[in-house]
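Residue numbers (this note's numbering), protein chains in the order written: chain A, 1 to 110; chain B, 1001 to 1259.
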Amino acid sequence: MAALGSPLRTLRGLLRELRHAGGRAGRPYRDTPAYRHIVAAFRAHRVTSKKLCRAQQELHFQAATYLCLLRSVREHTALHQEYHGKGERSPEEVAGLVGFRLPQQPGEKG
Amino acid sequence: PVGPGGGRAYAPPAERKRFYQNVSISQGEGGFEINLDHRKLKTPQAKLFTVPSEALAIAVATEWDSQKDTIKFYTMHLTTLCNTALDNPTQRNKTQLICGAVKFLETDTVCYRVEEPAALAELQKNEWDPVIAWAERRYNVAIGSSTSILGSNIPASTKETFVSHLASYNMWALQGIEFVITQLKSLILSMGLIDRHITVEKAVLLSRLEEEYQIQRWGSVEWAHDYDLCELRARVAAGTLFAHLCSESSTVKHKLLQD
């Protein structure tokens, strides 16, 4: 079976990601359907008995997978913004890279 | 076919401004729906966006609610998977989907071995042999591995076993599984994920074993390696979660039958 680590760690990680993911400032992340659903699911499966073992493992795997999704999307978006999000340089900037300035064309003044 | 803006007809624009305040979920006749303010979300082909699982609807709603000033569609993997399941733009039926998936077995990443460099061949043996052994035990099939450029010789009975196993999943879950297979380039690693034998991080690592080997030798380039790694993890995590959430009701039924 997959090496998942501690469920508590997964839960904490998930709640942390949800806090980062909250798009609208001022809206408490605890108020979101995702937060409520995850907390309720973890509470419901807290009873440790042999009968529930498989369900617990399924839930933990889903939670760990979702955590991976949220975390990877956040990291990917950050990398995208940093390296690929700035668009093209203007002609002036490109000229400036090699120490040139673009010539002033005669119709452009005034 | 070319859509407005010069893009492919089925692909939405990469980004647009967030145009809604609130995201909520409601339950309709066909399943769970997503509301952006008072508007119901639709698919690219203008069908009503409905999903069979509440947990999936919540996760999709979270994707929409996480968008800040602009909607970054390329980060909304669950939404995209739902749109694909609802619109089926490639118009494939279940049999075609399964055949396409099982075809990957012939050149499955974990079966396709190098002979040199020796260090990489050794790494492949140590990391991939156990997963193949697991799959052979779990499904009672012969798979093996090969250094031939043509790929390994997979017995017909092995393919049949996987075909009938995949047929036990519903169409939605299958879309998720097939997506994971195309991303990882491996049927075996995907089954490892679906059967919860390995985590997404591990599956992605095993899929990218050669890249990781080269990175350890030559160093990592953040804007390429890490970028690709995060994107692959996100997609594979989304596909796996999607497949599990869409086959959830069958898991529940199975448990009830067992009791």
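Cβ coordinates follow ideal geometry from the N, Cα and C atoms, glycine included.
Annotated three-state conformation of B:L1081 is helix, per DSSP.
Contact annotation for B:V1200 against chain A: T65, C68 [CB-CB distance below 7 Å, chain order]. Below 8 Å, too few C-beta pairs join the segment 1176-1186 of chain B and the segment 1145-1153 of chain B to call them touching: fewer than three. A Cβ of chain A is located within less than 8 Å of the beta carbon of B:R1196. Scanning the segment 1062-1150 of chain B for uninterrupted alpha helix (DSSP H) segments of 4 residues or longer gives 1077-1087, 1094-1103, 1118-1139, listed from N- to C-terminal end.
Per DSSP, B:L1036 is one residue of the beta strand (DSSP E) stretching across 1032-1036.
Ranked by Cα distance from B:L1105, the first of B:H1225, B:W1218, B:I1188 is B:I1188.
B:K1042 is bridged by DSSP to B:L1048.
Our two residues, B:E1210 and A:Q62, have alpha carbons roughly 28 Å apart in a direct line. Taking a Cβ-Cβ threshold of 7 Å, the residues of chain B close to A:E75 are C1230, in chain order. Using a Cβ-Cβ cut-off of 8 Å, A:A44 does not count as an interface residue toward chain B, since no Cβ of chain B sits closer than that to its own.
Counting along the chain, no beta strand (DSSP E) covers A:V94; the unbroken alpha helix (DSSP H) around it starts and ends at 91-97. Residues of the segment 1058-1077 of chain B with a C-beta less than 8 Å from any C-beta of chain A: I1058, A1059, A1061, T1062, D1065, S1066, Q1067, K1068, K1072, T1075, H1077, listed in chain order.
For A:A2, the neighbours in chain B by C-beta distance under 8 Å run, in chain order, R1196, H1197, I1198, T1199, K1202. Within the model, the alpha-carbon separation for B:V1051 versus B:C1099 is close to 25 Å.
Under the Cβ distance rule, B:H1244 counts among the residues neighbouring chain A, one pair being separated by less than 8 Å. It is roughly 43 Å from the alpha-carbon of B:E1212 to the alpha-carbon of B:K1040. Fewer than three Cβ pairs drawn from the segment 1107-1127 of chain B and the segment 1081-1097 of chain B lie within less than 8 Å of each other, which leaves the two stretches out of contact. Residue state for B:V1221 is assigned as coil, using DSSP reduced to three classes. Assigned with DSSP and collapsed to three states, B:I1025 falls in strand. Looking at the backbone, the Cα of B:A1061 and that of B:S1024 are separated by about 7 Å.
With a beta-carbon spacing of about 44 Å, B:R1113 and B:T1070 fall beyond the 8 Å limit used to define contacts. Between the alpha carbons of B:W1134 and B:G1192 lies a gap of roughly 8 Å. Residue range 1200-1207 is occupied by the alpha helix (DSSP H) that includes B:K1202.
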